[in-house]
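Enquirer: Just passing along the structure, written as structure tokens.
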Amino acid sequence: MARNQIVAILLLLTLGCGEQVVEVFDGDTFLLSNGEKVRLLGINTPELGEPGSDIARDYLENLILNKRVRLVAEEVDRDQYGRLLRYVYLGRRFINEEMVERGYAESYFLDENDRLKPRFDSLQLIACRNRRGLWAFNVFQPPETPKKVAKVISWQEAEKYYYQTVTVEGEIVRTHRTKKVCFLNFHPDYRRYLSCVIFASDLPKFPDRPERYYLKKRVRVTGLIKPYKGAPEIILKNPQQIEIVR
């Protein structure tokens with residue numbers, strides 16, 4: 001048998017090996033037959049219960065459920081919840097990349113210098129401009145939204161602008177932080193009025209103890225307003241989205 005044929009067979013065997021996917025939880029997390037949970041690196045999809053979460057999950061499920069996938073690790077092996085952090089391949093298909101390219105996930109890297117960030121960001125921008133996948137439903141915040149272009153509204157008007165990217169101005173009167181999230185509230189009754197949300201994975205990008213840093217400050221926040229449990233919220237992924245007015 002020719003050398004190149006042997007190499008080709010070995011490559012196919014390598015691509016075909018791996019653990020079987022037995023359950024898909026959402027658009028970026030799944031369960032292997034060996035009991036390990038896997039979180040896809042470089043992407044982020046809507047949390048369960050949020051708009052678009054079922055669509056993203058269904059797309060990933062159609063790709064990998066009951067199939068054997070190849071996992072590629074980076075420097076950090078697991079996240080704080082014990083899940084494996086991996087790039088995922090199905091044959092020659094790069095699943096993480098495809099989720100962004102088709103518009104079912106956002107590009108998401110904690111390390112701004114990650115080698116794949118420029119490519120994922122580029123694919124995200126193309127998906128956004130062409131309104132692919134969830135971009136067609138304004139689920140994600142556009143990656144290029146200059147603050148000077150965004151409309152400025154009062155925090156009291158937030159619920160009138162669901163699924164629109166605007167700049168909201170008001171005072172942060174109450175904050176709360178847990179292990180998973182930090183809330184910046186414009187009203188003491190956070191169950192009814194606008195809140196800004198910073199997830200734990202994004203906290204290192206913000207000033208130390210944002211729950212104290214922004215408290216009692218008048219701010220302008222730019223982002224996509226979405227409903228969550230009956231109240232408007234803006235998810236803050238980077239500190240450029242929020243500025244202190246006074």
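Residue numbering for the sequence shown follows UniProt numbering, beginning at 1 and increasing consecutively. For each residue, glycine too, the CB sits at the ideal point set by N, CA and C.
#1: Are Arg39 and Leu85 closer than 7 Å when you measure CB to CB?
#2: Entirely within the region 172-237 and at least 3 residues each: give me those beta strand (DSSP E) ranges in chain order.
#3: Spatial neighbours of Pro146 within its chain, please: C-beta separation below 6 Å, excluding the five flanking residues on both sides.
#4: Who are the near neighbours of Trp135 in its chain, counting only those whose CB is closer than 6 Å to its CB and skipping five residues on each side?
#5: How is residue 264 classed by DSSP in three states: helix, strand or coil?
#6: Answer yes or no: do Phe22 and Ile64 have a C-beta to C-beta separation smaller than 7 Å?
#7: Do you know offhand how far Gly91's Cα is from Glu19's?
#8: So is Gln241 buried or exposed if we call it buried at 16+ other beta carbons inside 10 Å?
#9: Per DSSP, which one or two residues make a beta bridge with Arg93?
#10: So, is Gln80 buried or exposed, given that buried needs 16 or more other C-beta atoms within 10 angstroms?
#11: Reducing DSSP to helix, strand and coil, say where Asn44 ends up.
#12: If you drop the 5 nearest sequence neighbours on each side, which residues of the same chain put their C-beta closer than 8 Å to that of Arg191?
#13: Going by DSSP, name the residue or residues bridged to Lys151.
#14: Please confirm whether Leu123 and Pro143 have their CB atoms less than 7 Å apart.
#15: Taking the straight line between their C-alpha atoms, what separation do you get for Thr178 and Ala200?
#16: For Ile172 and Val166, I'd like the C-alpha separation in whole angstroms.
#17: Which two residues bound the contiguous beta strand (DSSP E) that contains Ser58?
#18: Where do the ends of the beta strand (DSSP E) carrying Leu31 lie?
#19: For Phe140, does the three-state DSSP call read helix, strand or coil?
#20: Confirm, please, whether the CB-CB distance from Val152 to Glu169 is below 7 Å.
#21: Determine the closest residue to His187 out of Gly49, Ala105, Arg83, Glu157, with distance taken between C-alpha atoms.
#22: Excluding sequence positions up to five away, which residues of its chain have a Cβ less than 6 Å from the Cβ of Asp121?
Expert: Put simply:
#1: yes
#2: 174-177, 181-185, 195-199, 218-228, 231-235
#3: Per-residue confidence for Pro146 stands at a pLDDT of 49, beneath the threshold of 50, marking its modelled position as unreliable; no derived number is given.
#4: Gly103, Ala127, Cys128
#5: Given a span of 1 to 246 for the chain in the structure shown, any question on residue 264 remains unanswerable.
#6: First, the amino acid is wrong: residue 22 is Val here, not Phe. No, the pair does not count as a contact, with Cβ atoms beyond the cut-off.
#7: 13 Å
#8: buried
#9: Leu90
#10: exposed
#11: strand
#12: Lys229, Gly230, Ala231
#13: Val166
#14: no
#15: 9 Å
#16: 17 Å
#17: Looking at the sequence itself, residue 58 is Asp, so the reference to Ser does not match. From DSSP, Asp58 is part of no beta strand (DSSP E) but of the alpha helix (DSSP H) over 53-64.
#18: 29-32
#19: coil
#20: yes
#21: Glu157
#22: Ser107
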